[in-house]
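J.: There's a structure below that I have some questions on.
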Amino acid sequence: MKKPASAVCSVLALTSICLLPLFSQQQTTPATSAPEYGSNASKGVPAEDTPAQREELGRLKAKAEEINAADRAAHNEAVTPSYNFHYGKANPFVPGNITVQGEGFIQPGAFPSAQYCGTCHQDAYSQWRQALHSNSFRTPFYRTSVNLLIRDQTRGIAFARFCDSCHNPIAVLSGGLTEDSKVNRSQMDSDGLTCMTCHSVVSLDSTNGNASVEMGIPSVIVDEKGNRIPGEVPFAEILRHPERHSKAVMHDFLHKPEFCAACHKANLPATLNDYKFIRAFTAYDEWQQSKFSQRNPLTFYTGDFTTCQGCHMKRNPVTLTEYGAKNGTFASHRWLAGNTAVPFYYGFDDQLKKTIEFLRSGNYLNVDIFALKKQGEDQLIAPLGRASYTLAPNDAMEAYVVIQNKNIGHSLIPEVRDLYEAWTKFTVKDASGNEIYHSGFLKPDGMLDPRAHSFTNRPVTDEGDFVDSHKVWTIHSVAYDNSVQAGRSVLVRYQFRLPADIRGPVTLTAKVNYRHLRQSYLNNIFGTDHPAYPVVELSSRTRVLQIGENRPEAPDPADNPDWMRWNNLGIALLDQFQYAEAVEAFTEVIKLRNDYADAYTNVALTEIVWEKYDSARMAIRKALMLNPNSARALYYDGLLQRRAGNTEQEIADFKKVVEMFPQSRDARRELGITYYQQQDEHDAMEQFEALQQIDPDDLTAHYNLSILYRRMGMTKQAADQQAMFIDKKVDPGAPTYSLNYLRSHPEISTESIPWHMHSDILNEAKGLDHGN
Amino acid sequence: MAIERAERSRFLLRIATAVPGILLLGLSADAFAANTCPWMNEASASGLLGGNAKGAYIATSQSPTASCTFTQQAADGTRTLRIVVTRFEDDPHAGFTKRKMACQSEPTPLKAIGNETVVCALNDDSSSEGIRAIGRVRDQVFEIMIITSLADDPILTESALKSQIKAAAEQVSGNLF
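Quick mapping for you: the protein sequence lines, in order, are chains A and B.
Anchor point for the first sequence: position 571 equals 571 in the UniProt record's numbering, and the numbering is continuous, going up by one each time.
Anchor point for the second sequence: position 166 equals 166 in the UniProt record's numbering, and the numbering is continuous, going up by one each time.
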């Protein structure tokens with residue numbers, strides 16, 4: 001039986017929820033003008049409060065706390081009775097990892113609105129309104145997918161907390177995700193990740209992703225002792241004490257990739273799929289393994305330290321009133337990245353234009369039509385532009401196109417790569433522009449040439465069906481994943497025949513195109529009657545070949561230097577398991593740059609995976625002679641010393657790498673294994689625990705720690721590690737699901753093989769068996 | 001296998017619990033129930049209407065049309081939010097166009113709501129003020145009306161009606177995707 005006073009409170013709370021202000025969804029600037037900025041504040045000088053002002057703030061804080069507590073209690077009373085605690089009372093937000101300070105759900109009204117923030121941060125507001133974060137929930141692209149989960153016969157809306165913990169955290173934390181919801185969804189659905197969702201996070205739980213954050217009671221200011229004051233406060237308080245505003249909303253971690261990891265890393269947990277842990281995506285780990293993190297000694301190239309924010313939140317000159325600006329610039333709240341679909345759908349032309357500019361900027365990709373090979377000849381004509389050769393009509397050719405993920409801090413394509421489409425469009429044209437060969441075209445219905453080389457993946461169900469509609473909870477395996485990791489290269493082979501009557505020059509063009517989203521997914525959302533979504537050319541290269549003699553020519557300014565072109569070919573061949581050819585390519589690098597230690601290391605690492613340890617040793621010695629402090633060479637030397645049984649040197653090598661790169665997961669892992677093999681359990685545990693701090697999902701760490709903890713008598717910890725190992729280890733039966741899919745999709749089956757050829761000659765000759 | 005078994009048994013359990021409910025509902029041609037509107041909950045409707053609203057959902061297995069009606073009783077009048085959704089399997093765009101003809105003023109396109117959506121005035125009853133949105137999500141055509149019987153309604157003013165119909169259309173279309 002509800003007490004009368006509580007009943008009144010709950011009605012009041014519900015009314016207050018219902019009466020949240022609404023504003024136009026397409027309006028991208030806040031309606032109100034900014035308040036006057038005081039002279040002290042504008043100089044960055046903290047104001048000295050009078051006793052009366054301190055007293056007033058104290059009263060404000062006490063009142064705000066009282067209102068917040070009463071509202072929250074009333075909200076919980078209204079929401080809790082009908083809430084579906086599918087995962088138990090203690091886990092109201094599972095399968096998401098998000099939590100909130102305090103007891104129970106938090107009332108949506110606790111979050112100051114974006115319009116409130118936008119009063120003083122007009123530039124940020126207008127950018128945010130067009131950005132992905134403010135449209136994280138409401139777009140048809142997301143709703144279609146999450147609605148399938150909500151309507152799923154054996155799951156339902158409680159399971160959608162998994163997705164909405166990142167896409168609509170206020171809905172999750174307020175208890176809105178339940179069958180009989182008592183929460184007014186209009187504002188939160190429209191605003192998605194609003195200002196005060198990111199700026200109210202008080203701690204990061206881990207780098208596990210799936211929204212691993214703790215949300216604080218939203219607060220835009222602290223008092224003179226640093227205590228947070230909940231809710232909206234008069235602007236005058238903020239303007240008198242911008243430093244206290246900063247302290248409330250600007251935690252250091254907001255500048256760090258670990259913050260982005262909270263949602264830009266995801267796994268499909270057993271609580272969602274009733275199956276097991278499956279990695280969904282992890283842009284964070286990809287960054288961590290890239291040259292931009294400077295945490296990984298094993299990258300092929302080095303680069304300046306750059307965070308996620310460094311690329312996606314670049315400072316720009318402000319165009320509207322923006323009190324957060326420093327020297328006239330402010331960190332972009334557009335989070336420019338790859339999504340062209342959302343601005344296209346909403347008509348956010350600025351965002352679309354800037355997104356396309358962003359995708360084409362930064363020298364992110366390098367496309368290199370690297371080599372030709374005539375059918376029946378072994379010799380590679382390479383690198384194109386530097387080599388002399390002749391071409392004749394009727395020649396059957398192979399073209400080697402090397403695509404380097406040069407400056408992206410994560411893979412091409414990152415994250416939900418089953419939804420996006422990047423592919424190579426390769427054309428061969430005669431002097432009149434007639435096509436001799438074309439791979440990677442769009443069909444009249446908008447579907448991509450199924451034989452195109454695409455940088456996507458194909459998740460499949462336990463029936464071996466492609467998960468076309470992003471029903472991630474049905475994913476059991478991935479039939480192939482052709483994404484290109486940061487800093488790596490891929491070799492795409494094309495085969496074509498020059499016409500017998502060809503006379504003039506032949507033009508070869510290779511492009512990497514990108515479409516957000518895949519056509520069949522767009523069809524799932526809208527039916528087939530939707531406009532064509534933008535296709536963005538990310539990078540391209542054209543070469544003109546003469547029939548007859550071809551001489552060296554000046555390189556294009558965007559071309560990589562020759563040594564790097566060979567190096568990229570070597571990297572691509574290594575990833576295609578073509579070890580002999582990879583060594584040949586890296587040897588060409590040595591010929592061009594015999595002072596380049598990494599070229600020898602590249603030879604050595606190829607030979608290690610090729611199990612040619614003696615020649616690998618020679619190469620690594622040479623690398624260490626050139627650069628005795630090369631952590632990369634020391635790492636591979638450590639592996640070779642282990643092979644030779646030189647344990648002391650093995651430990652010395654790995655220790656040195658760890659000293660230089662304390663966040664190197666590979667070095668920690670190998671050093672841990674070495675200590676384990678030496679029965680040095682304490683040091684082994686230390687390394688594996690450090691490894692788990694870097695990568696909480698590392699299988700080797702789980703496996704070894706489960707054994708080590710058990711030996712130490714730490715049975716609970718051992719059992720936990722064992723359980724995590726079992727959950728995260730790939731299901732040995734999963735490849736069967738992939739094979740079922742590949743068997744019925746021969747065109748995709750070919751794509752799943754690292755070495756494959758895209759060819760029309762198959763049709764022409766009917767005898768060649770390596771066509772695609 | 002164990003997982004499959006567990007899923008199967010859970011599914012059977014759901015069927016077992018659902019069957020009596022279906023049988024009970026089968027006693028009546030129409031299924032009336034509050035709070036089960038699939039496109040908007042009462043709290044959201046209350047927010048749009050400016051006070052506590054009560055809702056009723058009507059759907060029949062015989063008809064491709066279903067509706068929700070939310071009513072907010074104020075001291076001197078009533079505010080109503082009505083949602084009607086019809087499935088047009090053959091030519092959904094034609095269905096949308098046909099519905100659009102109900103507009104008594106020039107329909108204004110509403111960007112980024114469903115596949116296509118328009119807003120127009122609702123002047124079919126001189127004793128009330130209102131606004132109407134007609135839109136489409138794939139093969140589902142929806143019609144939303146917000147109506148107030150209050151003279152010079154202080155909450156559902158002309159500009160409020162415009163913003164509320166947009167918010168309502170976003171809620172409804174979002175749930176129809």
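Here a beta-carbon is modelled for each residue, glycine too, at the ideal position from N, C-alpha and C.
For histidine 251 of chain A, does the count of other Cβ atoms within 10 angstroms reach 16, so buried, or fall short, so exposed?
T.: When all chains shown are included, histidine 251 of chain A counts as buried.
J.: Does the distance from the C-beta atom of threonine 461 of chain A to that of isoleucine 475 of chain A stay below 8 angstroms?
T.: Yes; because the gap between Cβ atoms is below 8 angstroms, this pair is in contact.
J.: Who are the Cβ neighbours of serine 145 of chain A in its own chain at under 6 angstroms, not counting the five residues just before and after it?
T.: Closer than 6 angstroms at the Cβ level, and outside the excluded window around serine 145 of chain A, lie His470.
J.: Checking 8 angstroms against the spacing of the C-beta atoms, do proline 297 of chain A and phenylalanine 661 of chain A come in under that value?
T.: Yes, the Cβ-Cβ distance between proline 297 of chain A and phenylalanine 661 of chain A is below 8 angstroms.
J.: Is isoleucine 165 of chain B buried or exposed, if buried means 16 or more other CB atoms sit within 10 Å of its CB?
T.: Buried, because 16 or more other Cβ atoms sit within 10 Å of the Cβ of isoleucine 165 of chain B.
J.: On the CB-based measure, 16 or more other CB atoms within 10 Å of its CB, does glutamate 670 of chain A come out buried or exposed?
T.: So glutamate 670 of chain A ends up on the buried side.
J.: Looking at alanine 422 of chain A and tyrosine 400 of chain A, is the spacing between their C-beta atoms short of 8 angstroms?
T.: Result no, Cβ atoms of tyrosine 400 of chain A and alanine 422 of chain A do not sit closer than 8 angstroms.
J.: Can you say whether proline 561 of chain A is buried or exposed, counting buried as having 16 or more other CB atoms within 10 angstroms of its CB?
T.: By the neighbour-count rule (16 or more Cβ atoms within 10 Å), proline 561 of chain A is not buried but exposed.
J.: What in chain A is Cβ-close to aspartate 139 of chain B, meaning under 8 angstroms?
T.: The answer, in chain order, is Gly527.
J.: Around the C-beta of lysine 511 of chain A, are 16 or more other C-beta atoms found within 10 angstroms, so that it is buried, or is it exposed?
T.: Buried.
J.: Cutting at 8 angstroms between CB atoms, please list the residues of its own chain near leucine 39 of chain B, excluding the five before and the five after it.
T.: According to the sequence provided, residue 39 of chain B is tryptophan. The question's leucine does not apply to it. Answer for tryptophan 39 of chain B: Cys68, Ile83, Val85, Phe142, Gln171, Val172, Asn175, Leu176, listed in chain order.
J.: Applying a beta-carbon distance threshold of less than 8 angstroms, which residues of chain A neighbour lysine 100 of chain B?
T.: Within 8 angstroms Cβ-Cβ: nothing; lysine 100 of chain B doesn't reach chain A, min ~16 angstroms.
J.: Nearest to asparagine 394 of chain A by alpha carbon, out of A:Ser206, A:Gly548, A:Val318, A:Lys353?
T.: Of A:Ser206, A:Gly548, A:Val318, A:Lys353, the residue nearest in Cα terms is A:Gly548.
J.: Can you give the Cα-Cα distance for glutamine 687 of chain A and glycine 672 of chain A, rounded to whole angstroms?
T.: For glutamine 687 of chain A and glycine 672 of chain A, the distance between alpha carbons rounds to 5 angstroms.
J.: What would DSSP say about residue 178 of chain B, mapped onto helix, strand or coil?
T.: Given a span of 1 to 177 for chain B in the structure shown, any question on residue 178 of chain B remains unanswerable.
J.: DSSP three-state call for leucine 442 of chain A: helix, strand or coil?
T.: The answer is strand: DSSP assigns leucine 442 of chain A an E or B state.
J.: Is the beta carbon of arginine 228 of chain A closer than 8 angstroms to that of isoleucine 217 of chain A?
T.: Against a cut-off of 8 angstroms, the Cβ pair of arginine 228 of chain A and isoleucine 217 of chain A comes out as a contact.
J.: Under a three-way DSSP split, which group does tyrosine 420 of chain A fall into?
T.: Coil at tyrosine 420 of chain A, not helix or strand.
J.: The beta strand (DSSP E) that contains alanine 331 of chain A, what's its start and end?
T.: 329-331 is the span of the beta strand (DSSP E), which, as asked, contains alanine 331 of chain A.
J.: Residue range of the alpha helix (DSSP H) that alanine 248 of chain A falls in?
T.: First-last of the alpha helix (DSSP H) with alanine 248 of chain A: 242-249.
J.: Would alanine 168 of chain B be called buried (16 or more neighbouring beta carbons within 10 Å of its own) or exposed?
T.: Buried, since its Cβ has 16 or more Cβ neighbours within 10 Å.
J.: Just to confirm, are valine 478 of chain A and serine 738 of chain A a CB contact at a threshold of 8 angstroms?
T.: A contact, by the Cβ cut-off of 8 angstroms.
J.: Roughly how many angstroms lie between the CA atoms of glutamine 721 of chain A and arginine 185 of chain A, to the nearest whole one?
T.: Distance between the alpha carbons of glutamine 721 of chain A and arginine 185 of chain A: 40 angstroms.
J.: Locate the beta strand (DSSP E) running through arginine 494 of chain A, then write down its first and last residues.
T.: At residue 494 of chain A the sequence reads tyrosine, which differs from the arginine that was named. Element bounds for tyrosine 494 of chain A: 489-497.
J.: Identify the contact partners of threonine 736 of chain A in chain B, using a Cβ-Cβ distance below 7 angstroms as the criterion.
T.: Residues of chain B passing the Cβ test: none, with the nearest at roughly 13 angstroms.
J.: Counting beta carbon pairs with one atom in the segment 283-295 of chain A and one in the segment 84-94 of chain A, are three or more of them shorter than 8 angstroms?
T.: With the cut-off at 8 angstroms, the segment 84-94 of chain A and the segment 283-295 of chain A do not touch.
J.: Below 8 angstroms on the Cβ atoms is my contact criterion, and I expect glutamate 116 of chain B with glycine 135 of chain B to pass it. Report the Cβ-Cβ distance as a whole number of Å.
T.: Indeed, because the Cβ distance is near 6 angstroms, the residues count as touching under 8 angstroms.
J.: If you draw a straight line from the C-alpha of aspartate 465 of chain A to the C-alpha of aspartate 731 of chain A, how long is it?
T.: Each residue's Cα considered, the two are about 17 angstroms apart.
J.: Identify every run of the alpha helix (DSSP H) within the segment 182-224 of chain A, keeping only runs that are complete inside it and at least 4 residues long; order them along the chain.
T.: Complete alpha helix (DSSP H) runs here, min 4: 186-191, 195-198.
J.: Below 7 angstroms on C-beta distance, what does proline 140 of chain A contact in chain B?
T.: Correct list: Phe177.
J.: Answer yes or no: does any C-beta atom of chain B fall closer than 8 angstroms to that of threonine 542 of chain A?
T.: Answer no: the Cβ-Cβ gap between threonine 542 of chain A and chain B never drops below 8 angstroms.
J.: Among A:Gln678, A:Asp653, A:Met724, which one has its Cα closest to the Cα of glutamine 692 of chain A?
T.: Cα-wise, what sits closest to glutamine 692 of chain A is A:Met724.
J.: If you drop the 5 nearest sequence neighbours on each side, which residues of the same chain put their C-beta closer than 7 angstroms to that of glycine 192 of chain A?
T.: These residues qualify, in order along the chain: His133, Ser134, Asn135, Ser136, Phe137, Arg138, His167, Asn168.
J.: Could you give the distance in angstroms between the alpha-carbon of isoleucine 131 of chain B and the alpha-carbon of histidine 264 of chain A?
T.: Answer to the nearest angstrom: the Cα atoms are 41 angstroms apart.
J.: Starting from isoleucine 58 of chain B, trace the beta strand (DSSP E) both ways and give me its first and last residue.
T.: Segment 54-59, the beta strand (DSSP E) holding isoleucine 58 of chain B.
J.: Assign glycine 109 of chain A to one of two classes, buried (16 or more other C-beta atoms within 10 Å of its C-beta) or exposed (fewer than that).
T.: Counting Cβ neighbours within 10 Å, glycine 109 of chain A comes out buried, since at least 16 surround it.
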